[in-house]
Amino acid sequence: MRRIQKAPRNGYPGRFALSSRNQGRRAGIGSAVASSLGLDSTVFAARASGDREAKLWVAIALLLVLGAAGCSQSSARTGGSSGKPLVIQNIGSDTMVNLAQAWAEEYQNVESNVSVEVSGGGSGLGIAALINGTADIANSSRHIEPDEEAAVVAHSGSKPREFLVGFDALSIYVHKDNPITSISLEELHEIYAEGGKIDRWSQLGITNIPRARTDRIIRVSRQNNSGTYHYFREVVCGKKGDFKLGSLDMNGSKDVVELVSHTPGAIGYSGLGYNTPSVKMIPVARKKGEKAVLPSIETTLDKSYPISRPMFMYTPGEPPAHVRKYIDWVLSPAGQKIVEFTGYIPLNIAEDKK
Amino acid sequence: MSASPFTVTPLVRRNMRRELAARIVLGAMVAAMVLPLLAIIAYLVAKGAPLISLKFLTTNPTHGMREGGIWSALLGTIYLVVIALAVSAPIGVLCAVYLNEYAKDNWLTRIINLAVVNLAGVPSIVHALFGLGAFVLFAGIGRSILAASLTLAIMTLPVIIASTKEALAAVPMSFREACWNVGASRWQTIWSIVLPNSLSGILTGVILQVSRTAGETAPIMFTGAVFFKKIQPGTLFAYSLTDQCMALSMHLYTVTTQVTNAPEPLPYAIALVLLGAVLAVNAASIIVRSLLRSRKKW
C-alpha cells in the first residue's frame, strides 16, 4: 500500500502492484467499476458489451484506413512490375498549358505506356522546376535567361536543351462593343508603360463605348511571373521600361479575356488562342499611320504582326529516350496539327514559308 | 397592495421589449448565416446538376478538358484524402492519447500543447511551402501523390490532435479513477474505458478533416497536383504513389481560370461533386456519432 502513497504528483496513481491481470478482464473491470461507483451492476454489464462493440468500431476504422493505404501501396508495387507507365513531368507557361494539355491528351492514344503530367503556373515556375530537377520538360513562352541557364548547369551538370515548338501571337483585346478599329505600338506604349500619357479613351478618339461608365481606360495585365507579362513589357514598354501602376493584374490568360469581355472600358493582352466571341481583337500597327494587321497564322509567320513570340520546351540536359520521343512527336505534323487546332501558330508552316 | 408578479409594470414592459429585440436580432443573425448557405447550394445545384451523371463521374476529361467527365480528378482526390488520413489519423490519435493520458503537466507539455494549437491555425499555403521544401526537395520524393498526401497529413495532424484531446478530456475523470482503483494499468484503463467512451468525438474530429483535406488546393498545388494527367479509366488503382495526380479542387480552379470556352455548367458541376462528397462524409460522421452517443450512459 506504500505505492499508492507514492502516486505521481499530477494525481494519477501509478501502475498498481495488485493488478487485475488474472481476472476476466473486461467484465471484471466493468463490474468492479460498477460496484465502486455504486451503480446498478446490470447497467455495467451492458456497458461492458457496449465497449466490445465500440472496440470493434475502432478496429474496423483502423482496418479500413490501413487497408486503403496498403491497397494503394500494393497497387504502386504491382504497377511497377507490370510495365508501369513512364511518366513525363511537364511544367510551365500558362500560355502553353492548354496546348500542353491537348498534346498530353492526344499522346496517350499514340503511346499508351507514357503518361504526361501537365502543370501550369507560369514560364518562371517551369524554369524554376527545371533548375530544381522536378520537371522533365519546362514549357516557356520566353527564352531562358543566362543566369537561369547557369543555375540549371550547376544543378544537373549539363546545359538545358531548347526546342522551338510553335509561335504565339499576343492579341490586344477590347470589349466587343468598343468601336476602336486599330491601335499602334506607340499608343499601347502610352497606355501601358510607366510615364505614358494616354489614360482615357477620348485621347484615342473613342468617345462612344456603349455602357462604359467612365472614359478611363481600364488596363488589364498579367501577374509578374508570367512569360506573357515579360514579353509584353519588352515589346510595349521597352527593354528597360516598366508598366504603369494601377493595372488589373490577372492570374491567367483566360482571366484577362474574361474580364475584358465583362468590362466595356477595358483593354487587355492575351494569347491569340484565348479569343472568344465576347471580345474583340484589334489590329495592331508597328507605327502610327502604318497598316494595322490582325493577328493570324499568316501575319505571325510573315512577321507583319508585331507582337508575336516563339514558344519553347526546355529539358535539363539531353532528354532520355521517352522524353525525346515525346518531343519528336510534338514537332511532327501530328503534334503541330494540335498547335494549330488550339489556336497557336504551328511550326511546320513556318518552316515551309521560309 | 404590492404589485403581483403578473401585472404589466413599465419594468416588465421594458424587459419584454428587450426580449423581443434580442429574439429578432439573434434570429436575423441565424438567417444571415443560413440563407447564403442555402443560396449557394441552390445555385450550384441549379447550374451544375444537369451535367452530373454516373458517366460524368467515371470518365476522363476529354477535348481539352471541355468535355467528358472528372474521373481522374475524383480518383486523385480520393487517393490524397485516404493516404493523408491513413498517415495523420493514427499518429494524431495516439499522440493525443499520450498528451492527455500519460504526459505530466509540466512546462514541456504545455509548450507542446501550445504548439499544437498554434499549428492548427497555420494557413495551408505555409504547409504547402513546408511540404515543397521538406518532402519534394529535401527528402527527394519529388512532386507526387505521396508528397502531396504527406503535406496534407502534416496540415491535418494538429487539428486531429486537438480534437482528439478534447474528446479524451470529455471522459469524466471519475471513470479513470474507478478503473485505477480496481487495479487496472494505465493502458488497460485507456483501452477499456477512455477510448470506447471518447470514440464518437475522436471519429468526428477525424472525419471532419476529410472535408478539409478534400477541399484544400494550396498544399497540393506545389507538391503533387497537376493541371492534367490522363489515367486508365475503370480501375481504382490507376495512380501509383510516385505519380502526380489531378484533384477536384485543383481541377475546379484550372477549369475556371485556364480553359477557354469550357461549358458553363462544368465548374458548377465539379463544385457540386466536391460539395456532395464533403456533405456525404459529414453525414456519415453525424450518423456514427449519434450511434455511439446513444450508448452513452451519463
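Protein sequences appear in the order of chains A and B. Heads up, the first sequence is in my numbering, so the first residue is 24 and it goes up one at a time. Heads up, the second sequence is in my numbering, so the first residue is -3 and it goes up one at a time. C-beta atoms are modelled at their ideal positions from N, C-alpha and C, and glycine is treated no differently. These numbers come from a predicted model, not from an experiment.
Check, Outcome
"From A:Asp191 to A:Ser331, what distance separates their C-alpha atoms?", "6 Å"
"With distances taken between CB atoms, is the gap from A:Asn146 to A:Asp117 smaller than 9 Å?", "The identity of residue 146 of chain A in the sequence shown is Ser, whereas the question assumes Asn. Going by C-beta atoms, A:Ser146 is nearer than 9 Å to A:Asp117."
"Once you ignore the five residues that flank B:Ser196 on each side, which residues in its own chain have a CB closer than 6 Å to its CB?", "Arg285, Leu288, Arg289"
"Closer than 8 Å to a non-hydrogen atom of the ligand NAP - does that hold for the CB of A:Ile150?", "No copy of the ligand NAP occurs in the structure displayed, which carries no ligand at all."
"Going by alpha carbons, who is nearest to A:Ile290 out of A:Glu321, A:Arg239, A:Tyr328, A:Val176?", "A:Arg239"
"Mind listing which residues of the region 252 to 266 of chain B have their C-beta closer than 7 Å to chain A's C-betas, in chain order?", "Thr253, Gln254, Val255, Thr256, Asn257"
"For A:Trp224, count neighbouring C-beta atoms within 10 Å of its own C-beta (all shown protein chains included) and say buried if the count is 16 or more, exposed if not.", "buried"
"Give me the residue from B:Ala276, B:Thr213, B:Val155 with the minimum Cα distance to B:Leu248.", "B:Thr213"
"Could you please give the first and the last residue of the uninterrupted alpha helix (DSSP H) stretch that includes A:Thr338?", "Where A:Thr338 is concerned, there is no enclosing alpha helix (DSSP H), although the beta strand (DSSP E) it sits in stretches over 331 to 338."
"Beta-carbon of A:Ala123 versus every beta-carbon of chain B: anything under 9 Å?", "yes"
"Compare the Cα-Cα distances from B:Thr231 to each of B:Thr54, B:Ala243, B:Ala45, B:Ala28 and report the closest residue.", "B:Thr54"
"With a 10 Å radius around its C-beta and 16 neighbouring C-beta atoms as the bar for buried, classify B:Thr58 as buried or exposed.", "exposed"
"Grouping DSSP H, G and I as helix and E and B as strand, with all else coil, what is B:Glu15?", "helix"
"From B:Thr209 to B:Leu33, what distance separates their C-alpha atoms?", "21 Å"
"Kindly indicate the opening and closing residues of the alpha helix (DSSP H) around A:Ala123.", "120 to 133"
"Using the rule of at least 16 other Cβ atoms within 10 Å of the residue's Cβ for burial, across every protein chain shown, is A:Gly113 buried or exposed?", "According to the sequence displayed, residue 113 of chain A carries Asn and not Gly. That one is buried."
"Could you name the residues of the region 204 to 229 of chain B whose beta carbon sits closer than 7 Å to any beta carbon of chain A, in the order they occur along the chain?", "Val222, Phe223, Phe224, Lys225, Lys226"
"Assuming the contact rule is C-beta atoms closer than 8 Å, B:Ala35 and B:Leu244 should be a hit. Round their C-beta distance to whole Å, please.", "About 22 Å; that fails the 8 Å criterion."
"Identify the continuous beta strand (DSSP E) that holds B:Gly138 and give its terminal residues.", "No beta strand (DSSP E) holds B:Gly138; DSSP gives it neither H nor E."
"When you compare each of B:Lys100, B:Thr200, B:Asn177, B:Pro168 to B:Val190 by their alpha carbons, which one comes out closest?", "B:Pro168"
"What distance in whole Å lies between the Cβ atoms of B:Gly220 and B:Ile157, which are believed to be in contact at a cut-off of 8 Å?", "24 Å between Cβ atoms; not a contact."
"Counting only Cβ-Cβ distances shorter than 9 Å, please list the residues of the region 46 to 67 of chain B near chain A, keeping chain order.", "Asn56, Pro57, Thr58, His59, Gly60, Met61"
"Can you tell me whether DSSP reads A:Lys303 as helix, strand or coil?", "strand"
"Compare the C-alpha of B:Ala280 against each of B:Leu153, B:Thr200, B:Thr238 and name the closest.", "B:Thr200"
"Using the Cα positions of A:Arg165 and B:Gly211, report the straight-line distance between them to the nearest angstrom.", "34 Å"
"Applying the 10 Å Cβ sphere with the 16-neighbour rule, what's the burial state of A:Thr251?", "buried"
"Can you tell me where the beta strand (DSSP E) holding A:Tyr196 begins and where it ends?", "184 to 198"
"Find the nearest neighbour of B:Met151 within the set B:Ala163, B:Lys43, B:Leu128, B:His123, judged by alpha-carbon distance.", "B:His123"
"In chain order, what residues of the region 106 to 118 of chain A put their CB closer than 8 Å to some CB of chain B?", "Lys107, Val110, Gln112, Asp117"
"Taking 9 Å as the threshold (beta carbon to beta carbon), is B:Arg19 in contact with chain A?", "no"
"Measure the alpha-carbon distance for B:Leu271 versus B:Leu71 and round it to whole angstroms.", "15 Å"
"When you compare each of B:Ser181, B:Ala143, B:Ala174, B:Asn257 to A:Pro300 by their alpha carbons, which one comes out closest?", "B:Asn257"
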